[in-house]
Amino acid sequence: MQILVTGGAGYIGSHTCFALLEAGHRVIVLDNLCNSKVSTLDKIKLLTNKEIIFYPLDVTNESSVDSIFLNHRIDAVFHFAGLKSVSESVKKPLEYYYNNVVSTLILAKACQKYNINKFIFSSSATVYGRNKVPFLEDSELMSATTPYGETKVISERILTDVAKANSEFSVSLLRYFNPVGAHKSGLIGEAPNNIPNNLMPYITQVAKGKMRKLKIFGDDYPTVDGSGVRDYIHVVDLALGHVAALNNLLPGVNVYNLGTGKGTSVFQLVKAFEEVNNVHVPYEITNRRSGDIAECYADVSKAEKELKWKAKLGIIDICRDAWRFEKKYEV
Ligand code: NAD
Ligand code: UDP
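Numbering (our numbering), first residue to last: 4 to 334.
This is the structure:
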């Protein structure tokens, strides 16, 4: 198939482009490079020995998006492009709603116009808000805790309504848990353009000496050791989950948790990273981060059963691969 990948130069998009090319698909990437570099696409070409068609454009620009659909035969759309900093979304809600919701609207509209009926959307476990863990796909989405989370809830609703109105439209809403790690080559990985917000890139940058200390946001949660618990999934497993979602796409709305089903605390992750890589990660305990929940992990039985997909890599692979990428990575 020929697949349009928005945000394909970014962290998860780049690993998914790799997996799609390896599975024999062709990819067209749209990315405005606001949080990525074009060199990532060159590295994927090097690793796969395959071509990628790239357009450096903003997915909120409707006429540019339309011209791509007009000029290429597209079989499926994978929509990764989005702003993803939870804390920034609280400070800049309009920017987040505009970028993340308008991009979804424009792509859904183009799919309708050009009769493209396969759509895979990057959603997030954040849509579960303060539901009880483990999170299940059929839980009621009460309220996300941040504007970023709301952009995912709204985009899911838009795509669900499009599928309700058009029985030929198939959409997969993939709710990612915490993607971490990097491709084993060490060539592609998480390389945010600014100071990282997520835990793992922060750990790797402190270990490398780019940052002095990790701040651990709270040690008084009702968890195994007081620090926050998350379901860390290796990005390579996550990328393969997208290929499985495409292969098993049913008409209508398909919702899947892509996680491991296991929770790991901040302290456990830092300790594993230090042990696996034989490095030191200095840290201090600070206040809780606003909007954070104590625990977040998936029930993954639906994806395992229906997609015949399961995360295979664990915390040790994650820590080793994230560090290999960070050591090789030059800004
Ligand atoms: P990323 O920032 O590395 O990748 C997103 C890519 O989209 C970047 O290359 C960026 O330049 C591009 N982009 C953003 N807005 C754009 C626009 N308007 N037009 C064109 N390109 C645009 O982030 P990621 O971690 O790869 O996340 C991919 C998707 O998965 C996002 O939608 C994110 O919200 C979602 N997600 C990420 C996580 C996570 O922890 N990384 C968790 C759950 C969901
Ligand atoms: N966290 C932390 N310090 C950081 C970044 C994150 O202690 O610099 C904690 C955070 O409070 C949460 C966990 O690490 O418990 C994962 O945070 P991340 O931002 O990576 O993912 P999210 O909270 O969005 O699931």
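Don't be surprised by glycine CBs; every beta carbon is placed ideally from N, CA and C. Because the structure is a prediction, the values reported are computed rather than measured.
Following a CB-centred definition, is residue i positioned closer than 8 angstroms to any heavy atom of the ligand UDP?
i, result
"Ile219", "yes"
"Cys20", "no"
"Tyr100", "no"
"Val269", "yes"
"Asn181", "yes"
"Asp78", "no"
"Cys154", "With the sequence shown as reference, residue 154 is identified as Thr, and Cys is not the correct amino acid for it. No, the beta carbon of Thr154 sits no closer than 8 angstroms to any heavy atom of the ligand UDP."
"Ala128", "yes"
"Arg233", "yes"
"Asp295", "yes"
"Arg133", "no"
Just to confirm, are residue i and residue j a CB contact at a threshold of 9 angstroms?
i, j, result
"Leu252", "Lys121", "yes"
"Phe180", "Tyr300", "yes"
"Asn64", "Leu86", "no"
"Ile77", "Ile119", "yes"
"Val209", "Tyr286", "yes"
"Ala325", "Leu261", "no"
"Lys330", "Lys211", "yes"
"Ala113", "Asp69", "yes"
"Phe57", "Leu7", "no"
"Val89", "Ile157", "no"
Does the beta-carbon of residue i, which I'm using as the reference point, lie nearer than 8 angstroms to any heavy atom of the ligand NAD?
i, result
"Asn35", "yes"
"Ala314", "no"
"Val62", "yes"
"Ile15", "yes"
"Asn201", "yes"
"Tyr300", "no"
"Ser376", "Because residue 376 is not part of the residues shown, which for the chain are 4 to 334, the question remains open."
"Asn103", "yes"
"Lys112", "no"
"Phe57", "no"
"Ala12", "yes"
"Ala356", "Residue 356 lies beyond the stretch modelled for the chain, which goes from 4 to 334, so this question has no answer here."
"Tyr151", "yes"
Compare the C-alpha of residue i against each of the options and name the closest.
i, options, result
"Ser92", "Asn257, Lys330, Val68 and Gly294", "Gly294"
"Lys53", "Thr63, Asp34, Val30 and Ser39", "Val30"
"Pro225", "Pro96, Val136 and Gly317", "Val136"
"Leu23", "Ser304, Lys265, Asp240 and Glu277", "Asp240"
"Ile288", "Gly229, Tyr235 and Tyr259", "Gly229"
"Arg291", "Glu25, Gly231, Gly255 and Ile109", "Gly231"
"Tyr259", "Val183, Ser170, Ala166 and Ala128", "Ala128"
"Met203", "Tyr58, Thr267, Lys116 and Leu36", "Thr267"
"Leu110", "Leu139, Asp234, Arg133 and Ala79", "Ala79"
"Ala275", "Arg233, Asp320 and Ile71", "Asp320"
"Asn74", "Tyr117, Thr148 and Asn257", "Tyr117"
"Ser67", "Asn35, Ser90 and His82", "Asn35"
"Lys305", "Phe81, Asn200 and Thr263", "Thr263"
"His82", "Lys187, Asp223 and Leu177", "Leu177"
"Lys279", "Ile318, Ala297, Lys265 and Val269", "It should be pointed out that residue 279 corresponds to Val in this sequence rather than to Lys. Cα-wise, what sits closest to Val279 is Ile318."
"Pro25", "Leu108, Cys37, Asp234 and Met4", "One detail in the question is off: residue 25 reads as Glu in this sequence, not Pro. Selected option, being the one with the closest Cα: Met4."
So, for residue i: in the same chain, excluding its five sequence neighbours on each side, which residues have a beta-carbon less than 8 angstroms away from its beta-carbon?
i, result
"Ile191", "Ser17, His18, Phe21, Thr43, Lys46, Ile47, Leu50, Ala185 and Phe328"
Skipping 5 residues on each side, what residues in its chain have a beta carbon closer than 6 angstroms to that of residue i?
i, result
"Gln271", "none"
"Ala84", "Thr9, Gly10, Val62 and Ser106"
"Tyr14", "Glu193"
"Met214", "Gln208"
"Tyr99", "Leu86, Ser92, Pro150, Tyr151 and Thr154"
"Leu316", "His237 and Asp240"
"Pro199", "Tyr205"
What does a CB cutoff of less than 7 angstroms around residue i pick up in its chain, not counting 5 residues either side in sequence?
i, result
"Gly255", "Ala166 and Ser173"
"Glu277", "His283 and Val284"
"Leu139", "Asp302"
"Cys322", "Ala275, Phe276, Val279 and Asn280"
Beta carbon of residue i: closer than 8 angstroms to some heavy atom of the ligand GDP?
i, result
"Glu329", "Because the ligand GDP does not appear in the structure shown, any question about it cannot be addressed here, the ligands present being the ligand NAD and the ligand UDP."
Taking one C-beta from the segment 107-125 and one from the segment 212-220 each time, how about it: are there three or more such pairs within less than 8 angstroms? Too few Cβ pairs lie closer than 8 angstroms, so no.
Contact between the segment 237-248 and the segment 302-312 (3+ Cβ pairs under 8 angstroms): Counting C-beta pairs with one atom in each stretch, the segment 237-248 and the segment 302-312 have three or more that are closer than 8 angstroms, which means they touch.
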